[in-house]
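To start, the structure itself, in structure tokens.
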Amino acid sequence: MSPILIIEQVLNGLQFGVMLFLMAAGLTLIFGVMGLINLAHGSLYMVGAFAAAGVAAATGSFLMALVAAMAAAALAGALVELAVIRRLYDKDHLDQVLATFALILIFSEGTRWLFGSFPLFLDIPDALAGPVTLPGGIQYPLYRLVLIGAGLAVAALLGLLIGRTRLGIRIRAGENDREMIAALGVDISKLYTLVFALGAALAGLAGALVGAIQSVQVGMGEPVLILAFVVIVIGGIGSIRGALVGALLVGLTDTLGGIFLPELFKLVMAPAAATSAGASLASMSIYILMGAVLIWRPTGLFGARA
1 MSPILIIEQV LNGLQFGVML FLMAAGLTLI FGVMGLINLA HGSLYMVGAF AAAGVAAATG
61 SFLMALVAAM AAAALAGALV ELAVIRRLYD KDHLDQVLAT FALILIFSEG TRWLFGSFPL
121 FLDIPDALAG PVTLPGGIQY PLYRLVLIGA GLAVAALLGL LIGRTRLGIR IRAGENDREM
181 IAALGVDISK LYTLVFALGA ALAGLAGALV GAIQSVQVGM GEPVLILAFV VIVIGGIGSI
241 RGALVGALLV GLTDTLGGIF LPELFKLVMA PAAATSAGAS LASMSIYILM GAVLIWRPTG
301 LFGARA
């Protein structure tokens, strides 16, 4: 196996990881601050992707498509929080799961009604199309490098927001003791709506960015949502740093496992059987990683211990 292939797959894993981070960051904020299990978070990812595809087709501007994706997802998230989620904070987790699962069905059928059942396609902007030559003569798509940089920049900005601003202080305080900050005069309802909209905007941004390298279709958010839950379990619920580290671990494990495990099995098995066994184990590798982390640290890598 050539070093160039390994480096390319590492970069693919990083790109996959930072996109998972955008999903997982919003999810961990919502779960950590509100204590809410939101299965509809993947639907907000889908809303962002469809909004970006629609605006890009109408205007030809990829930048406007990204802005529209974040705005549409944030608006959808705020409306959902006001209309549905607000009634679930004091409910059992089973009620939250059932209600947000119903939202998945509503979003899916509503999107199919608006855009149809056929997938849409979001073109990579001309300025970011084509490969770029990296040190060592490696040819790698420029757009994927931009995705890595954009995801890391969002992680840095989100870290500053949570750690260095008054809003971040309120979010962290709401995570630790919502009754106390409400008693101190903070409007907890507005804070929750804002946090939910922020998480939705991040999911919408991820959907728009990924929509340029895969088709935009109904139901595209649910597989990513499952991986996002794995990420926050590994990183620790409520931790932005944990979401980033967990997302990068999951991205690299999933990508590198897909190429190394089949090669490893070929040492002891026939090529056809080795490819099948390696692919099966690769698909389970992130869950094996999650189990190993939880055995070592039941609260996740950066989760707060009771």
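Numbering (UniProt numbering), first residue to last: 1 to 306.
Just so you know, even glycine gets a beta-carbon here, dropped at the ideal spot from N, CA and C.
Every value quoted in this text rests on a predicted model; they were computed, and no experiment measured them.
Between T193 and E81, the C-beta gap is smaller than 9 angstroms, which places the two residues in contact. Here the alpha carbon of I234 sits roughly 5 angstroms from the alpha carbon of G246. The beta-carbon distance between A53 and L122, rounded to whole angstroms, is 5 angstroms. This is short enough to meet the 8 angstroms contact definition.
Three or more Cβ pairs drawn from the region 16 to 30 and the region 201 to 214 lie within less than 8 angstroms of each other, which places the two stretches in contact.
Collapsing the DSSP output to three states places P131 in a strand. Under DSSP, no beta-bridge partner is assigned to V233. Closest by C-alpha distance to A76, out of S61, G42, A150, is G42.
In this structure the region 173 to 186 does not lie against the region 114 to 129, because fewer than three pairs of beta carbons, one per stretch, are closer than 8 angstroms.
Proximity of the region 249 to 265 to the region 278 to 293 meets the contact definition, three or more beta-carbon pairs being nearer than 8 angstroms.
In the three-state scheme derived from DSSP, where H, G and I count as helix and E and B as strand, P141 is classed as strand.
Put simply, the backbone Cα of G149 is about 16 angstroms away from that of A129. Your pair V224 and F50 does not check out as a contact, with CB atoms roughly 14 angstroms apart and the cut at 8 angstroms. For P141, the number of other beta carbons within 10 angstroms of its own is at least 16, and it is reported as buried. In the three-state reduction of the DSSP assignment, L63 falls in the helix class. G17 sits close to V250, with the two beta carbons spaced by under 9 angstroms. Its chain contains N38, L39, A40 as the residues whose beta carbon lies nearer than 6 angstroms to that of T100, once the 5 sequence neighbours on both sides are disregarded; these appear in chain order.
Looking at the backbone, the Cα of D177 and that of I237 are separated by about 16 angstroms. Here L158 is buried, its C-beta having at least 16 other C-beta atoms within 10 Å. Per DSSP, A247 is one residue of the alpha helix (DSSP H) stretching across 240 to 265. Beta-bridge annotation (DSSP): L120 is paired with V216. Under the DSSP assignment, G185 falls outside any alpha helix (DSSP H); it carries neither an H nor an E label.
Distance between L134 and T111, taken at the CA atoms: about 40 angstroms.
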